[in-house]
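Report on the following structure.
Number of protein chains: 2
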Amino acid sequence: MTRWSVGDLAKASGLTVRTLHHYDEIGLVVASERTSSGHRRYTPDDVRRLYQVRSLRQLGLSLAEVRSALSRSDSLRPLFEAQLAALTAQARQVEALRSRLTALLDGHTTESLLSTLEMMSVYESYFTSDQLADLRSRAASMGPEAVEALKASWLELVRQLRQHMADGTPATDPRVADLVRQWDELGARFTGGDAAIQAAAQRSWNENKTSISTQIGWPADDGLVDYVNRARAAG
Amino acid sequence: MTRWSVGDLAKASGLTVRTLHHYDEIGLVVASERTSSGHRRYTPDDVRRLYQVRSLRQLGLSLAEVRSALSRSDSLRPLFEAQLAALTAQARQVEALRSRLTALLDGHTTESLLSTLEMMSVYESYFTSDQLADLRSRAASMGPEAVEALKASWLELVRQLRQHMADGTPATDPRVADLVRQWDELGARFTGGDAAIQAAAQRSWNENKTSISTQIGWPADDGLVDYVNRARAAG
DNA sequence: GTAGGACCTCCCGTCGCGTGAGGTGCAAAC
DNA sequence: GTTTGCACCTCACGCGACGGGAGGTCCTAC
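Below, the structure written as structure tokens:
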């Protein structure tokens, strides 16, 4: 028995018969022989190649990458380094998502989850791509947790300000002035003191009245903009 | 202008027109109105929904998950927790791959990379699924780096033993005995002292002569099994 | 003689869109 | 008046790596 059938090879390798068919179809691991009735017969060389493919796949390479790796085996090291870089990038992305989620789950009640998300989402599309790139690089240097913490603080400030408005606290109230001061500090930390970005943020904020958030009936048109501006003028 | 065209909405949201079409097609975010010529007109409510979808997508949820999240918004928290768990699992997988790759890149010359991988791959399919689960849980408790280090040591021992064989060192040589002793220690650490797994490993090793590794013309049938067994008998 | 298994070859479905191809509607520039 | 150009429309195929099923063949065992 020096030849293998698909089923036996599937069992031995832990892959499925369908996968072996697929590899055969695309010419990645072809059964070199066939029986008279058309059944695949894998030679020792085929099996060897299959295990090479399997091992490379276990490192997360695509079938195309596996194919090229096996065609010119000298290029394994650069390929692996590229794969390592890709995995590192992926790890960072996953970590960013994880910290977003944990920050959300820790800091918010169930009913506020969706609206919080919606707010973040809307405000995140307010900047030009250059400014976004800039913000992102700054965010990267701060680390995802710090960014999430910052966002959470900001949302909390908005909540408190809105609360004061609802309670009828005058814009000249020192408590309001204090919140606005915190707000501006937060903004400075967020923008890293970059004047252009601050201006963009300010512009996005002022344009609120005629932009998305207004159109979709957000509380943004409830006068918070004016309220904050009045407080700033008074301070 | 309280209605939005696809193009404008795409620009504002950072999504593509095609994506908006897709969401419309599958009924996730439908343009509630159409002009007489059939152009989509998004109402404020549609836009709101789009931003909710976008925010949920940014957390890594699938379109199906987003849809169900928006249909019964009470279930957000469990959904997020599930997503967090999935992301955590994914993070672990990515980390495992990364440590495999770094271990490989650190410890091996270019030409040995592929054959090393191939060996690992073949030996990894030698155990029953129960035993594999067992090994995996032990591996999890050891941490991926330790596992890779262990594998690397094992492969290094195999290399040295084969070298001795090639050099004609007798199996009774104390240096060989020492290597075999290290080998057995490594095995004990790998199997965690579990007798059944040790037996399986032993069996897989002894069956080498008639199994895959022989069939594919591996050096395993070069007498290393016998050599090691003779050394053990002598020690 | 027939029941069961293992094998074969199509071929459609997945997920989230990208990327055309081919046509319509509408405004400004010639 | 027409041409150009733009934004929009509806199909419909393509990707990656297979899963899964339909419908048929082949071989063995009872």
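In the order they appear, the protein sequences are chains A and B.
Under this note's numbering, the first sequence is numbered contiguously, ending at residue 235.
Under this note's numbering, the second sequence is numbered contiguously, ending at residue 470.
Ideal Cβ positions, reconstructed from N, Cα and C, are used throughout, including at glycine.
Beta-carbon separation (whole angstroms), residue i vs residue j, contact threshold 8 angstroms
i	j	result
A:His164	A:Val176	5 angstroms
B:Leu396	A:Gln83	Rounded, the Cβ-Cβ distance is 31 angstroms, inconsistent with contact.
A:Leu28	A:Arg67	6 angstroms
B:Leu322	A:Leu87	That pair is no contact at about 15 angstroms.
B:Ala266	B:Arg275	4 angstroms
A:Ile26	A:Leu63	7 angstroms
A:Tyr42	A:Leu15	In fact, because the Cβ distance is near 12 angstroms, the residues do not count as touching under 8 angstroms.
A:Arg54	A:Ser13	6 angstroms
B:Glu316	A:Leu50	Between A:Leu50 and B:Glu316 the Cβ distance is about 40 angstroms, and since that is not below 8 angstroms, they are no contact.
A:Ala91	B:Ala326	7 angstroms
A:Ala69	A:Leu76	6 angstroms
A:Val94	B:Val241	With a Cβ gap of about 32 angstroms, A:Val94 and B:Val241 do not count as contacting.
Residue-level contact to chain A via CB, residue i, 8 angstroms cutoff
i	result
B:Gln318	yes
B:Arg333	yes
B:Glu268	no
B:Leu322	yes
B:Leu255	no
B:Leu396	no
B:Leu340	yes
B:Arg465	no
DSSP beta-bridge partners of residue i
i	result
B:Trp389	None; B:Trp389 has no bridge partner.
A:Glu33	A:Arg41
A:Trp4	A:Tyr42
Beta carbon proximity, residue i to chain B, threshold 8 angstroms
i	result
A:Leu28	no
A:Gln90	yes
A:Glu95	yes
A:Phe127	Low confidence applies to A:Phe127: its pLDDT is 49, below 50, so where it sits in the model is not reliable, and the reading given next is rough at best. False, the Cβ-Cβ gap to chain B never drops below 8 angstroms.
A:Thr102	yes
Where the alpha helix (DSSP H) through residue i begins and ends
i	result
A:Arg18	17-25
A:Arg72	First-last for A:Arg72: undefined, no H or E at that position.
The ligand GTP heavy atom lying under 7 angstroms from the CB of residue i
i	result
A:Ala166	Annotation note on the ligand GTP: not contained in the displayed structure, which lists no ligands.
**Item:** Residues of the stretch 287-303 of chain B whose Cβ lies closer than 8 angstroms to any Cβ of chain A, in chain order
**Value:** The residues in question are Gln287, Arg289, Ser290, Leu291, Gln293, Leu294, Gly295.
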